[in-house]
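A.B. asks: Let me begin by handing over the structure; questions about it come next.
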Amino acid sequence: MDLSAVQSLPPPTISQHAVLSTPQDFIDAWKFELAHDFGKGGLPASWAPGQSGPKQWGGEDQKVDLPGNPTALALSADATSLAVAVNSQVLIYDATTLAVRRKRRYVGAIGLLAFHPSGRFLLSSSTVFGNRKVQEYIHLWDLGAEAGAGDWDAFTSRILDVSVEALVNERSWSAAEVEAMSPALKASLEELFHTAELRRDVQRGDALEGHLAGFGSRPFTHDGKFLFYIGGIVGWTRRI
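To convert, note that position 75 of the sequence shown is 109 in the numbering used here; the numbers rise steadily by one, no gaps.
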């Protein structure tokens with residue numbers, strides 16, 4: 035749409051006959067009427083080239099069912115891979131088939147994703163809220179390497195089986211106690227190992243303490259040789 039031809043939108047209205055006694059009543063009665071007759075000087079505005087009209091929900095070419103509300107997404111430069119963050123989990127989809135290629139979980143909520151120009155690396159910026167402290171990390175995921183870590187759910191299940199056996203044999207846990215506490219035990223084990231792996235990644239250089247710049251800035255240089263990030267209040271560059 036040619037935005038230069040847009041007139042001011044009509045103000046939201048509330049029915050004159052509405053009886054508003056609670057905040058929810060006000061929300062239910064609120065009506066924001068979208069202007070569909072944009073024009074200037076009595077002449078209707080024209081649609082941008084290749085656009086025949088407004089898009090409607092339900093008219094998408096493809097859809098993907100996510101395990102939760104997405105917090106960040108990124109498309110590779112060659113438009114073959116789509117990265118989606120759902121809380122602390124990052125999923126890599128084939129952009130054509132929308133099949134999941136890879137997935138990985140981090141500590142903290144993922145707030146920003148960015149592909150390397152080559153598509154081989156994916157940056158994930160996460161925030162970990164601790165006791166009176168907020169720590170930010172940047173994770174560099176080498177998508178060209180083998181999956182390696184495998185399925186975290188299967189891994190923690192194996193560790194849980196060993197732990198349960200020890201609790202029954204050495205701590206006299208009953209079968210009912212094990213069944214009741216297994217979900218909490220598994221969640222605690224997952225958090226423990228993810229936190230330990232985060233510390234290992236920082237030592238290896240696969241994770242950096244800091245965050246990516248905002249406002250649509252690109253973290254990688256055009257040739258992909260350097261990464262710019264912010265550690266504390268100081269900007270840093272790192273050779274890739």
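For glycine and all other residues, C-beta sits at the position ideal for the given N, C-alpha and C.
1. Gly153 and Asp112 - do their beta-carbons sit closer together than 8 angstroms?
2. Provide the residue span of the beta strand (DSSP E) that contains Glu225, from first to last.
3. Kindly give me the distance between the Cβ atoms of Leu109 and Leu116, rounded to whole angstroms, as I take these residues to be in contact under 8 angstroms.
4. How would you label Trp175, buried or exposed, when you count the other beta carbons within 10 angstroms and need 16 or more for buried?
5. Can you tell which of Ala148, Leu132 and Glu211 has its C-alpha closest to the C-alpha of Thr255?
6. My understanding is that Ile144 touches Arg136, with C-beta atoms under 8 angstroms, so please give their C-beta distance in whole angstroms.
7. Between the alpha carbons of Leu201 and Phe262, how many angstroms are there, rounded?
8. Quick one: grab the DSSP three-state call for Ser55.
9. Taking one C-beta from the segment 165-174 and one from the segment 192-208 each time, how about it: are there three or more such pairs within less than 8 angstroms?
10. In whole angstroms, what is the alpha-carbon distance linking Pro151 and Pro253?
11. Only counting the same chain, and skipping five residues up and downstream in sequence, which positions put a Cβ closer than 7 angstroms to that of Arg205?
12. Could you please give me the residues that DSSP links to Asp128 through a beta bridge?
13. If you reduce the DSSP assignment to three classes, tell me which class Phe249 lands in.
14. With Phe149 as the anchor, note down where its beta strand (DSSP E) starts and where it stops.
15. Which whole-angstrom value describes the C-beta separation of Leu219 and Leu194, a residue pair presumed to lie in contact below a C-beta threshold of 8 angstroms?
16. Anyone know if the C-beta pair for Val141 and Ser158 falls short of 8 angstroms?
17. Do Leu107 and Leu246 come within 8 angstroms of each other at the CB atom, strictly closer than that value?
18. Drop a sphere of 10 angstroms on the beta-carbon of Phe60, count the other beta-carbons inside from all chains shown, and report buried for 16 or more, exposed for fewer.
19. To which residues of the same chain is Asp240 closer than 6 angstroms at the C-beta, ignoring the five residues directly before and after it?
20. From the DSSP output, which residues share a beta bridge with Gln169?
C.D. replies: Quick look at the numbers:
1. Yes, Cβ-Cβ distance for Asp112 and Gly153 is below 8 angstroms.
2. Here Glu225 belongs to no beta strand (DSSP E); instead the alpha helix (DSSP H) covers Ala209 to Arg238.
3. So it is a contact: roughly 6 angstroms between Cβ atoms.
4. That one is buried.
5. Checked all of Ala148, Leu132 and Glu211; the closest Cα to Thr255 is Ala148.
6. In fact, because the Cβ distance is near 14 angstroms, the residues do not count as touching under 8 angstroms.
7. In a straight line, the C-alpha of Leu201 is about 48 angstroms away from that of Phe262.
8. The answer is coil: DSSP assigns Ser55 none of H, G, I, E or B.
9. Contact fails: fewer than three Cβ-Cβ distances are below 8 angstroms.
10. The C-alpha of Pro151 lies about 10 angstroms from the C-alpha of Pro253.
11. Answer for Arg205: no residue qualifies.
12. DSSP, once it has assigned bridges, lists Ser115 as partnering Asp128.
13. It is coil, neither helix nor strand.
14. Start and end: Ala143 to Phe149.
15. Correct: roughly 6 angstroms between the Cβ atoms.
16. No; because the gap between Cβ atoms is not below 8 angstroms, this pair is not in contact.
17. No, Cβ-Cβ distance for Leu246 and Leu107 is not below 8 angstroms.
18. Using a 10 angstroms sphere on the CB of Phe60, the tally of other CB atoms stays under 16, which defines it as exposed.
19. Exclusion of the five residues before and after Asp240 leaves Leu174 as the residues of its chain whose Cβ lies within less than 6 angstroms of its Cβ.
20. For Gln169, DSSP records a beta bridge to Val162.
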